[in-house]
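Accompanying notes for the structure given below.
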Amino acid sequence: MERAVLRCPPRPSCLRLSACAHSLCLLVPVEMRSCVVRRLLCGWTGQGPGFRAKSGTPKKSETWYQMFLQKSKKMEGGPHNMLFPGMLQLETLSHKELTEVMKTAVLYHNGPLVALNKPPGLAVTGKPGELTLLSVLPEIGQHLGLSQELHIVRAPGKESSGLVLLSSCPRITKTFQNFFIQSRRVQKPTVTYWAVTVGVPATPKGEIQVALKLDQVRGADLAVPVKAPSRQTLKEGVKKTLTRFFVEDSTPDCALVKLQPITAFPNQLLVHMVLQLCPVLGDHLYSARVGSVLGESFLLPVETSVPQTQVLSELLLHRLHITPKEMALLPLHLHLHQILLPQTSMAPTMLIAPLPPFFSQTLWNLGLQMSDGPRKK
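Reading the sequence shown from the start, the letters are residues 1 to 377 in full-length UniProt numbering.
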């Protein structure tokens with residue numbers, strides 16, 4: 001199977017940096033963003049076989065955090081206030097700045113087909129005038145020399161990071177969409193996510209099958225499980241969902257889990273992991289549905305579970321090197337890592353995106369590893 005792979009920098013070297021170096025990923029002065037933005041996403045881009053991404057790396061050999069360490073020290077609170085490397089302050093970016101960021105996020109480009117590595121927190125679509133991925137696609141297409149408009153074929157949710165598949169050719173778009181539809185019918189997974197979970201699934205692998213619907217809960221549209229759905233309810237917005245999971249590695253209170261959704265439903269993976277009593281780290285939407293007494297986790301009624309900042313044990317906070325007050329800034333650790341594609345002359349049959357830097361740092365802090373990665377000693 002032909003593969004296009006971008007590999008992350010060696011984990012030990014990049015994750016043993018000082019706290020100051022890590023923290024600067026989140027704090028770049030506005031007037032300096034234009035020259036540092038490519039360095040800012042060094043963990044999102046890269047070079048590897050099968051990719052035709054344009055490199056925007058500055059000529060200087062020093063890393064971006066060395067370039068701006070001195071200036072960051074002069075800012076209020078210093079760089080120690082910056083917690084999660086690679087996280088963008090999207091609310092402070094202009095349309096032009098976001099365009100430059102996403103140009104550096106191109107992983108693959110061949111003819112009309114483009115793949116990006118989306119940072120967490122960036123909505124794919126939205127209302128007119130909102131800053132979204134869709135809003136900067138015209139500039140990205142122009143940057144890549146495309147004559148037709150780019151369309152979204154596959155993408156993760158707003159708070160998730162990872163692969164976004166784009167196409168400027170209606171025929172290619174239709175081919176891929178038909179491939180994904182047919183794969184769902186035969187229950188063949190085409191996408192793979194990595195997730196860090198709070199808690200460890202009861203079994204090392206399995207399937208999660210549950211019917212879901214979107215419902216108003218305390219004024220918010222949330223995915224809600226439906227027990228024993230009838231034929232009528234299945235016609236009224238209730239959908240049967242299925243996810244396969246595999247525990248890659250675990251410690252007593254957290255795990256690295258591979259998730260392969262067979263179906264597609266808003267926030268499906270977040271709800272499925274909550275039902276396993278293992279919410280995804282950084283899930284500030286559904287994690288409140290899991291309660292704990294004397295170390296035993298249990299499900300709380302959906303009606304009384306208001307979305308709120310995720311609550312972690314003191315031990316887990318210590319291992320993550322964050323405080324309870326900083327929890328609200330913790331990004332969702334759910335990354336669309338791999339997409340399988342049909343056999344065409346336009347693309348490899350597999351695209352892979354590297355983990356964002358904050359995700360890799362979390363794995364290191366928690367002592368979790370992928371099968372071929374280093375473990376913290």
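The beta carbon of each residue, even a glycine, is placed where N, CA and C say it ideally should be. Only a predicted model underlies this, so the values are computations on that prediction, with no experimental measurement involved.
Per DSSP, serine 360 is one residue of the alpha helix (DSSP H) stretching across 357 to 366.
Here alanine 223 is near proline 266, since their CB atoms are less than 8 Å apart. According to DSSP, residue pairing for isoleucine 262 in a beta bridge does not occur. Around the beta carbon of proline 331, 16 or more other beta carbons lie within 10 angstroms, which makes this residue buried. Taking a C-beta distance under 8 Å as the contact criterion, phenylalanine 358 and glycine 86 qualify as a contact pair. Per DSSP, methionine 102 is one residue of the alpha helix (DSSP H) stretching across 95 to 104.
Sixteen is the threshold: when 16 or more other Cβ atoms of the shown chains lie within 10 Å of the Cβ of glycine 199, as they do, the residue is buried.
Fewer than three pairs of CB atoms, one per stretch, sit closer than 8 Å, so the segment 184 to 193 makes no contact with the segment 134 to 146. Per DSSP, valine 271 is one residue of the alpha helix (DSSP H) stretching across 268 to 275. Exclusion of the five residues before and after alanine 328 leaves His284, Thr309 as the residues of its chain whose Cβ lies within less than 8 Å of its Cβ. Close CB contacts of glycine 111 within its chain, under the 6 Å cut and outside five residues either way in sequence, are with Met346 (chain order). Measuring C-alpha to C-alpha distances from serine 287 to each of Val311, Ala264, Thr304 identifies Val311 as the nearest. Sequence-distant Cβ neighbours of threonine 173 in its own chain, meaning closer than 6 Å and more than five residues away, are His151, Val153, Ser167. Residue state for histidine 337 is assigned as strand, using DSSP reduced to three classes. Excluding five sequence positions before and after alanine 155, the CB atoms of its chain that fall closer than 6 Å to its own CB belong to Val124, Val164, given in chain order. Residue pairing from DSSP places leucine 163 in a beta bridge opposite Asn117. When secondary structure is reduced to three states using DSSP, proline 307 falls in the coil class, being assigned neither helix nor strand. Between valine 217 and the set Lys325, Leu368, Ala228, Glu303, the nearest pair of CA atoms involves Glu303. Going by C-alpha positions, lysine 227 is about 7 Å away from alanine 211. For histidine 318, the three-state secondary structure derived from DSSP is helix. Taking threonine 203 as reference, the option from Tyr108, Ile339, Met273 with the minimal CA-CA separation is Met273.
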